Amino acid sequence: MSEMLNFKNVELFYDHVYALKGVSMHLSQGETVALIGSNGAGKSSILRAITGLAKIKSGSIEFMGQRLDGRTASDIVGMGIAMVPEGRRVFPFMSVRDNLMMGAFTRSDKKGIADTLDSVLERFPRLKERYSQAAGTLSGGEQQMMVIGRALMAKPKLLLLDEPSLGIAPKLVQDIARSIVAINRDEGVSVLLVEQNSRMALSISHRAYALTTGSVVIEGNSKELLHDDRIKAAYLGGEIEGAA
Amino acid sequence: MEQILANGVYLGSQYAMIALGLTLIFALMNVLNFAHGQMYVLGGFVTYTFYGQLGLPFVVALLISCVTLAILGALIEKFLFAPVIKRSARDESTMLLAAGIAFLLDAIILLVFGEKQRGVPKIVNGVFNWDFRLIMPYDRILICVLAILSIVGFIAFMQYSKTGRALRALAQDRVAAQLMGVNVDRYSMIGFALGAMLAGLVGGLLVTITGINLGMGGPTSIKAFMMVMIGGAGVISGAIAGGIILGFLEAIGLAVLSQYGDITYLLIFISLMIFLAIRPQGLMGKPWG
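So the sequence lines, in the order shown, correspond to chains A and B.
Note that the first sequence ends on residue 1241 in our numbering; no numbers are left out.
Note that the second sequence ends on residue 1541 in our numbering; no numbers are left out.
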């Protein structure tokens, strides 16, 4: 497996407060990697650094052998990285169709866009029913499916997901988890998943990094981490043995 | 009655175009463009120069007005608004800048075109007369049709073109639009240029009816802000509704109230204050849809 994304000693701070203190991590082609940790651990900062929304202070970020740091957000989408932002961020007064089409903004191959649109609607049939409805009128779960679909419209090589389970009904969280697995498996899209729902994140990812206050503290195979005592205590909320 | 309706549609269509430009700029950049009226006046003077003075065909002069204002709008955004927005998070900064640009444009117009009222030859002659129930000169009808076509064209552009969709996305969620790959700097500039172009287009259309003079800028800005407040800031449908409502109020006022003196706008302002006290977000207040 070739390395697709490479973080080397990345430091980032907002207003002189450290958000990332020398984070190194990597993601290989075809992998699903989870970043777990509590609020403020720096998970979202990693995604913001990748997408160019936040400028890093030192270190480097490479994607398919090219430097990402220093590029603008719009360039980075064109390189094949699509992001599903925290809080979904739908375009509330635009139709589902227009929202999806915005995902394909950097593409110009009409035929290819139409094919991707078909496959997204096939993956999320609910979106077909809501096709001309304003996105703001959709339920939280439907909006989450829509923004995942919107990101897929860019035909990304790497999909970034920021808290996809946040504010979603528990039953739909499973649906969304299943679609993430399916997207990774069927379309060969690599996935970087940021989640506070550590159990969900670990059960659908290959590897994971656990962060605390801007540093990676534990990394490893997700299946093993699910049973790691340190992870259980710190991230899985010390629940009853065997519930996993 | 028919006369009032026709006048209302005529005024409303012009006003709606002015309000559309203003609301587009507001929705995209959160900038209150106090210089909108001056941009309108400049558009009128450009058409006056190329059609009235140099004798080019009206349509060509109108296009020159649009292009001039679009370029001016793009330059103003790139070299004035964009740097100020980058450096200052306070809304007052762009408001002061916009007010300053209004004075600057006033001064430039005064220097280049002088302070006199200017008119141009009629674009078509004759008057439509339906049994004296409805009297309207053909040139007004033509201008009204052109204005409506422009509005329809603008809405179609915003609704169905890729650029229009990106502008709407940018107005609704800046960060998400960036994540889709929209270059915020470039599209802010395009949006501002479009808004300025609309102002220039109305100026070029109306110079054939009312003529143009330096003093029309300020009052036009005020009317534009009223329309946007009536309809709700930042919404296409709101700008159109506001424009048509103000157009009709003015048409009705001129027909019904003129015997009591010039009180139409006094009453409009009073009603607007009461209306805004009850519904501060305007009729359709929500971000750009």
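Built from N, CA and C at the ideal position, the CB exists for glycine as well.
Since the structure is predicted, the reported quantities are computational estimates derived from the model, not experimental observations.
- Remark: fewer than three beta-carbon pairs, one from each stretch, lie closer than 8 Å, so the segment 1161 to 1174 of chain A and the segment 998 to 1013 of chain A are not flagged as touching.
- The beta carbons of Q1130 of chain A and R1085 of chain A sit no closer together than 8 Å.
- Under a criterion of Cβ atoms nearer than 7 Å, the residues of chain A adjacent to Q1424 of chain B are, in order, F1088, P1089, F1090, M1091.
- The continuous alpha helix (DSSP H) containing F1521 of chain B extends over residues 1516 to 1530.
- Minimum Cα-Cα distance from G1469 of chain B among the listed residues B:L1257, B:R1420, B:G1289 corresponds to B:G1289.
- Look at the segment 1349 to 1400 of chain B and you find these whole runs of beta strand (DSSP E), each 3 residues long or longer: 1379 to 1382, 1386 to 1389.
- Across the set B:V1311, B:L1321, B:A1503, the C-alpha of B:L1321 shows the shortest separation from the C-alpha of I1442 of chain B.
- The contact set of M1432 of chain B on chain A, defined by CB atoms closer than 8 Å, consists of V1074, M1099, G1100, F1102, T1103, R1147, A1151 in chain order.
- Cα atoms of E1216 of chain A and Y1206 of chain A: separation of roughly 4 Å, rounded to the nearest angstrom.
- Identification of residues in the segment 1034 to 1058 of chain A having a C-beta nearer than 9 Å to some C-beta of chain B yields T1048, G1049, L1050, given in sequence order.
- Contact annotation for M1080 of chain A against chain B: L1431 [CB-CB distance below 8 Å, chain order].
- Chain A places no beta carbon closer than 8 Å to that of N1282 of chain B, leaving this residue out of the contacts.
- In the three-state reduction of the DSSP assignment, M1432 of chain B falls in the coil class, being assigned neither a helical nor a strand state.
- Neighbourhood of A1070 of chain A in chain B, by CB distance below 7 Å: Q1430, L1431, in chain order.
- By the rule that beta-carbons nearer than 8 Å mark a contact, R1420 of chain B touches chain A.
- Here Y1232 of chain A is buried. Its C-beta has 16 or more other C-beta atoms within 10 Å.
- In the DSSP assignment, Y1206 of chain A falls within the beta strand (DSSP E) that extends over 1204 to 1209.
- In the same chain as A1258 of chain B, and ignoring 5 residues on each side of it, the C-beta atoms closer than 6 Å to its own belong to L1386, M1388, in chain order.
- Annotation: L1002 of chain A to D1159 of chain A spans about 17 Å, alpha carbon to alpha carbon.
- Going by beta carbons, A1448 of chain B and G1296 of chain B fall outside the 8 Å limit.
- Look at N1181 of chain A here: in three-state DSSP terms it is helix.
- By the neighbour-count definition (other C-beta atoms within 10 Å, threshold 16), P1153 of chain A is a buried residue.
- Taking a Cβ-Cβ threshold of 9 Å, the residues of chain B close to D1095 of chain A are Q1411, R1417, R1420, A1421, in chain order.
- At a Cβ-Cβ threshold of 8 Å, L1050 of chain A and E1059 of chain A do not count as neighbours.
- Assignment of L1156 of chain A by DSSP, reduced to helix, strand and coil, places it in the strand class.
- At a cut-off of 8 Å between C-beta atoms, V1427 of chain B counts as an interface residue with respect to chain A.
- Annotation for F1090 of chain A: no beta strand (DSSP E) segment contains it, and DSSP assigns it neither H nor E.
- Assignment of beta-bridge partners to S1055 of chain A by DSSP yields A:E1008.
- CA-to-CA, the gap between L1348 of chain B and G1325 of chain B works out to about 17 Å.
- Any Cβ of chain A closer than 8 Å to the Cβ of N1285 of chain B would place that residue at the interface, and such an atom is absent.
- Within the segment 1431 to 1453 of chain B, those residues whose Cβ lies closer than 7 Å to any Cβ of chain A are, in chain order, L1431, M1432, G1433, V1434, N1435.
- Counting C-beta atoms within 10 angstroms of its own C-beta, A1418 of chain B has 16 or more neighbours from the protein chains shown and is therefore classed as buried.
- Annotation for M1536 of chain B: no alpha helix (DSSP H) segment contains it, and DSSP assigns it neither H nor E.
- Nearest C-alpha to L1506 of chain B among B:G1495, B:G1494, B:L1519: B:L1519.
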